[in-house]
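Number of protein chains: 2
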Amino acid sequence: MNARATVELKSADELEARLREIGAARYHNLHPFHKLLHGGKLSRGQIKAWALNRYYYQASIPVKDAVVLSRFRDRALRREWIHRIEDHDGREGAEGGIERWLKLTDFLGLDRRYVESTEGILPATRFAVDAYVNFVRERSPLEAVASSLTELFAPGIHRERIEGLLANYDFFTDDVLAYFRKRLDQAPRDAGFALQFVRENARNPEEREAVCAALSFKADVLWVQLDALQHAYVEGHVPPGAYVPEE
Amino acid sequence: MNARATVELKSADELEARLREIGAARYHNLHPFHKLLHGGKLSRGQIKAWALNRYYYQASIPVKDAVVLSRFRDRALRREWIHRIEDHDGREGAEGGIERWLKLTDFLGLDRRYVESTEGILPATRFAVDAYVNFVRERSPLEAVASSLTELFAPGIHRERIEGLLANYDFFTDDVLAYFRKRLDQAPRDAGFALQFVRENARNPEEREAVCAALSFKADVLWVQLDALQHAYVEGHVPPGAYVPEE
Numbered sequence: 001m002n003a004r005a006t007v008e009l010k011s012a013d014e015l016e017a018r019l020r021e022i023g024a025a026r027y028h029n030l031h032p033f034h035k036l037l038h039g040g041k042l043s044r045g046q047i048k049a050w051a052l053n054r055y056y057y058q059a060s061i062p063v064k065d066a067v068v069l070s071r072f073r074d075r076a077l078r079r080e081w082i083h084r085i086e087d088h089d090g091r092e093g094a095e096g097g098i099e100r101w102l103k104l105t106d107f108l109g110l111d112r113r114y115v116e117s118t119e120g121i122l123p124a125t126r127f128a129v130d131a132y133v134n135f136v137r138e139r140s141p142l143e144a145v146a147s148s149l150t151e152l153f154a155p156g157i158h159r160e161r162i163e164g165l166l167a168n169y170d171f172f173t174d175d176v177l178a179y180f181r182k183r184l185d186q187a188p189r190d191a192g193f194a195l196q197f198v199r200e201n202a203r204n205p206e207e208r209e210a211v212c213a214a215l216s217f218k219a220d221v222l223w224v225q226l227d228a229l230q231h232a233y234v235e236g237h238v239p240p241g242a243y244v245p246e247e
Numbered sequence: 248m249n250a251r252a253t254v255e256l257k258s259a260d261e262l263e264a265r266l267r268e269i270g271a272a273r274y275h276n277l278h279p280f281h282k283l284l285h286g287g288k289l290s291r292g293q294i295k296a297w298a299l300n301r302y303y304y305q306a307s308i309p310v311k312d313a314v315v316l317s318r319f320r321d322r323a324l325r326r327e328w329i330h331r332i333e334d335h336d337g338r339e340g341a342e343g344g345i346e347r348w349l350k351l352t353d354f355l356g357l358d359r360r361y362v363e364s365t366e367g368i369l370p371a372t373r374f375a376v377d378a379y380v381n382f383v384r385e386r387s388p389l390e391a392v393a394s395s396l397t398e399l400f401a402p403g404i405h406r407e408r409i410e411g412l413l414a415n416y417d418f419f420t421d422d423v424l425a426y427f428r429k430r431l432d433q434a435p436r437d438a439g440f441a442l443q444f445v446r447e448n449a450r451n452p453e454e455r456e457a458v459c460a461a462l463s464f465k466a467d468v469l470w471v472q473l474d475a476l477q478h479a480y481v482e483g484h485v486p487p488g489a490y491v492p493e494e
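Protein chains in written order, with my numbering: chain V, 1 to 247; chain Z, 248 to 494.
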């Protein structure tokens with residue numbers, strides 16, 4: 001009934017192998033909603049619902065990373081981690097990931113104030129994303145870092161997405177997908193650091209197990225968001241108060 | 248796109264009327280999963296999945312109420328609220344709601360250790376329930392009290408449930424449904440107090456609006472749990488790691 005390891009993880013290599021197994025089994029690239037999205041099977045309205053909901057995730061990432069930063073007593077670690085906040089928020093002269101995401105929602109015809117208000121998102125999106133922010137507040141710094149490890153598996157899905165959206169929808173253009181292209185560079189660098197960190201700082205089987213559980217938790221955070229989109233916008237059960245596409 | 252009031256709520260009576268409208272429009276008695284459950288349309292396996300997931304909600308209620316209690320600086324208010332914790336946890340010589348719920352899951356054939364471990368519940372259940380606990384920690388005491396107001400609408404659904412389960416499934420017996428029967432007395436008393444409290448303590452349109460938003464939030468917490476059950480166990484998309492019924 002449960003996919004967690006029952007075998008003790010005795011080394012950093014065994015930990016890394018187990019993390020890669022979790023990614024292969026539970027990362028959201030396996031979710032049917034992504035297959036529909038990348039395969040050209042969604043209407044423009046369904047893609048708008050996806051982009052609107054995903055905005056809340058994007059907008060919460062720097063908040064999450066600020067909480068992570070606040071958990072580190074080690075200045076060197078904070079100096080390493082801080083660029084993640086700027087990658088999303090941007091800084092003078094450098095656009096961030098949130099601005100890139102808003103360009104995507106602008107392009108799709110969503111009103112920017114409506115997107116930024118987040119009032120039309122699915123409650124399940126909000127609960128899942130907030131669970132992520134609370135997780136890094138409540139768990140150990142090691143688990144907080146480990147929960148970012150889904151980025152190990154992100155480049156594959158971003159590449160698939162760029163190719164799929166351009167090939168299968170006539171309205172997408174390359175510059176609108178800048179968010180994903182940028183993450184092709186950012187995610188591997190960040191994931192590499194986090195992986196090295198958990199390899200060095202999870203020092204016994206219990207800590208390695210906690211690292212694996214943090215990755216599974218984060219995979220659930222991503223999966224739940226797609227389950228909710230599929231239920232609402234593919235199967236047609238939009239809950240009270242949520243966005244209803246007109247197209 | 249949004250169901251919230253745009254009209255200022257000028258009095259306690261206007262507040263109460265709006266709260267009752269929200270219940271009539273958004274309480275989870277309207278959810279298709281409950282219609283299936285009460286109408287005899289679910290398999291025993293689907294009912295087990297419901298009882299297993301709902302256990303996490305039941306088990307979290309006294310934790311939620313302990314947080315609410317911790318927000319009150321007024322001793323009289325704490326003395327009024329504390330019985331809610333005991334209603335669920337029980338006390339020497341008095342069984343509580345959690346024990347009654349476990350009798351239901353026992354009866355359905357679920358292993359008690361498995362239920363109590365909560366390891367097989369849907370991630371969406373966990374995120375929604377945890378969102379409720381976090382809400383009462385982070386919002387004002389007034390909003391914390393207001394979020395309990397779904398109990399205003401509970402007796403109807405409990406009555407429907409007792410009747411529906413007994414009439415439409417041959418395996419249910421009355422004593423197994425003791426949880427719901429007990430709540431027929433408890434919920435109206437608690438809801439009455441909470442309603443009186445928000446009527447007296449929401450003193451301007453902004454505070455009344457916050458009370459309404461808290462009730463809508465709580466309705467979402469309940470609705471998301473049923474959406475997740477329907478998606479997983481009626482439409483057949485059980486997410487990785489969650490309980491899979493054998494029957």
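Quick reminder that beta carbons are idealized off the backbone N, C-alpha and C, glycines included.
* Just checking, does the stretch 264-283 of chain Z make contact with the stretch 341-348 of chain Z on the three C-beta pairs under 8 angstroms criterion? -> No contact exists between the stretch 264-283 of chain Z and the stretch 341-348 of chain Z.
* Which runs of the alpha helix (DSSP H) fall wholly inside the stretch 19-69 of chain V and span at least 4 residues, in chain order? -> Within the stretch 19-69 of chain V, the complete alpha helix (DSSP H) runs of at least 4 residues are 32-38.
* If the cut is a Cβ gap below 7 angstroms, which residues of chain Z does residue 224/V touch? -> Identification of chain Z residues near residue 224/V by a Cβ-Cβ cut-off of 7 angstroms yields 370, 371 and 374, ordered along the chain.
* Asked: Under 9 angstroms between the Cβ atoms of residue 116/V and residue 59/V?
  -> The criterion of a C-beta distance shorter than 9 angstroms is satisfied by residue 116/V and residue 59/V.
* Assigned secondary structure, residue 228/V (DSSP; H/G/I helix, E/B strand, else coil) -> When DSSP states are grouped into helix, strand and coil, residue 228/V belongs to the helix group.
* Nearest-angstrom Cβ-Cβ length linking residue 38/V and residue 160/V, presumed shorter than 8 angstroms -> About 5 angstroms separates the beta carbon of residue 38/V from that of residue 160/V, a gap short enough to meet the 8 angstroms contact definition.
* To do: Starting from the C-beta of residue 210/V, find all residues in its chain whose C-beta is less than 6 angstroms away, skip the five residues before and the five after it, and write them out in chain order.
  => So the qualifying residues of the chain are 143.
* State yes or no: is the C-beta of residue 289/Z within less than 9 angstroms of the C-beta of residue 445/Z? => No.
* Asked: Is the stretch 418-437 of chain Z touching the stretch 255-266 of chain Z, taking contact as three or more C-beta pairs under 8 angstroms?
  -> Not touching, per the Cβ criterion.
* Asked: Does the beta carbon of residue 147/V come closer than 9 angstroms to any beta carbon on chain Z?
  -> Answer no: the Cβ-Cβ gap between residue 147/V and chain Z never drops below 9 angstroms.
* **residue 101/V versus residue 212/V - alpha carbon distance** => In this structure, the alpha-carbon of residue 101/V lies about 30 angstroms from that of residue 212/V.
* Take residue 131/V as the anchor and find which of 217/V, 11/V and 228/V has the nearest alpha-carbon. => Just measuring C-alpha positions, the residue of 217/V, 11/V and 228/V sitting nearest residue 131/V is 217/V.
* Within 8 angstroms: the Cβ of residue 388/Z and any heavy atom of the ligand PLP? -> No copy of the ligand PLP appears in this structure; indeed no ligand is present at all.
* Asked: residue 445/Z lies in the alpha helix (DSSP H); which residues open and close that run?
  -> 425-448 is the span of the alpha helix (DSSP H), which, as asked, contains residue 445/Z.
* To the nearest angstrom, report how far apart residue 308/Z and residue 332/Z are at their CA atoms. => Our two residues, residue 308/Z and residue 332/Z, have alpha carbons roughly 8 angstroms apart in a direct line.
* Asked: If we ignore side chains and look at the alpha-carbon of each, how far apart do residue 320/Z and residue 396/Z end up?
  -> The C-alpha of residue 396/Z is placed about 21 angstroms away from the C-alpha of residue 320/Z.
* To do: Output the residue ranges of the alpha helix (DSSP H) runs that lie fully inside the stretch 81-119 of chain V and measure 4 residues or longer, sorted by chain position.
  => Within the stretch 81-119 of chain V, the complete alpha helix (DSSP H) runs of at least 4 residues are 83-89, 97-107 and 112-117.
* To do: Compute the Euclidean distance between the alpha carbons of residue 291/Z and residue 427/Z, then round it to the nearest angstrom.
  => Taking the straight line from one Cα to the other gives about 19 angstroms.
* With residue 276/Z and residue 400/Z assumed to form a contact (beta carbons below 8 angstroms), what rounded beta-carbon distance in angstroms separates them? -> Contact between residue 276/Z and residue 400/Z is confirmed by a C-beta separation of about 7 angstroms, below the 8 angstroms threshold.
* To do: Can you grab the Cα-Cα spacing for the pair residue 352/Z / residue 304/Z, in whole Å?
  => Taking the straight line joining both Cα atoms gives about 14 angstroms.
* To do: Note down, in chain order, each residue of its chain lying with its Cβ closer than 8 angstroms to the Cβ of residue 365/Z, except the 5 sequence neighbours on either side.
  => Excluding residues within five positions, the ones whose Cβ falls inside 8 angstroms are 302, 303, 306 and 373.
* **Whole-angstrom distance between residue 283/Z and residue 252/Z, CA atom to CA atom** => Unreliable positioning characterises residue 252/Z in this predicted model, as indicated by a pLDDT of 49, which lies under 50. The coordinate reading is nonetheless provided below. When the Cα atoms are used, residue 252/Z and residue 283/Z turn out to be separated by approximately 31 angstroms.
* Among the residues of its own chain, which have a CB less than 8 angstroms from the CB of residue 80/V, if the five just before and after it don't count? -> Exclusion of the five residues before and after residue 80/V leaves 193 as the residues of its chain whose Cβ lies within less than 8 angstroms of its Cβ.
* To do: Kindly list the residues whose CB is nearer than 7 angstroms to the CB of residue 50/V, restricted to its own chain and excluding five residues on each side of it in sequence; keep chain order.
  => Within the same chain, residue 50/V has close Cβ partners 37 and 229.
* Does residue 21/V come within less than 9 angstroms of chain Z when only Cβ atoms are used? -> By this cut-off, residue 21/V is not an interface position.
* When Cβ atoms are compared, which residues of the stretch 206-221 of chain V fall closer than 9 angstroms to chain Z? -> Residues 216, 217, 219, 220 and 221.
* Asked: Among 52/V, 165/V and 67/V, which residue has its Cα nearest to the Cα of residue 134/V?
  -> For residue 134/V, the nearest C-alpha among the options comes from 67/V.
* To do: Using beta-carbon positions only, say whether residue 478/Z and residue 227/V come within less than 9 angstroms of one another.
  => Yes, the pair counts as a contact, with Cβ atoms nearer than the cut-off.
* Which of helix, strand or coil DSSP assigns to residue 412/Z -> Three-state result, residue 412/Z: helix.
* Asked: residue 130/V versus chain Z: which residues are under 9 angstroms apart at the beta carbon?
  -> Chain Z residues near residue 130/V: 374, 377, 378 and 381.
* From the beta carbon of residue 273/Z, is the nearest beta carbon of chain C less than 9 angstroms away? -> Of the protein chains in this structure, namely V and Z, none is chain C.
* **7 angstroms Cβ cut-off: residues of chain V touching residue 482/Z** => Near residue 482/Z (Cβ distances below 7 angstroms), the residues of chain V are 235.
* Asked: Given that residue 353/Z touches chain V, what residues does it touch there, using C-beta distances under 9 angstroms?
  -> Ordered by position in chain V, no residue passes the 9 angstroms Cβ test against residue 353/Z, which lies about 18 angstroms from the chain.
* Asked: If we cut at 9 angstroms on Cβ distances, does residue 34/V have a partner in chain Z?
  -> Among the residues facing chain Z, residue 34/V is not included, as its CB has no counterpart in that chain under 9 angstroms away.
* To do: Less than 8 angstroms between the CB atoms is what I'm expecting for residue 471/Z and residue 219/V, so what's the real figure, rounded?
  => 19 angstroms between Cβ atoms; not a contact.
* In three-state terms, what does DSSP make of residue 490/Z? -> Coil at residue 490/Z, not helix or strand.
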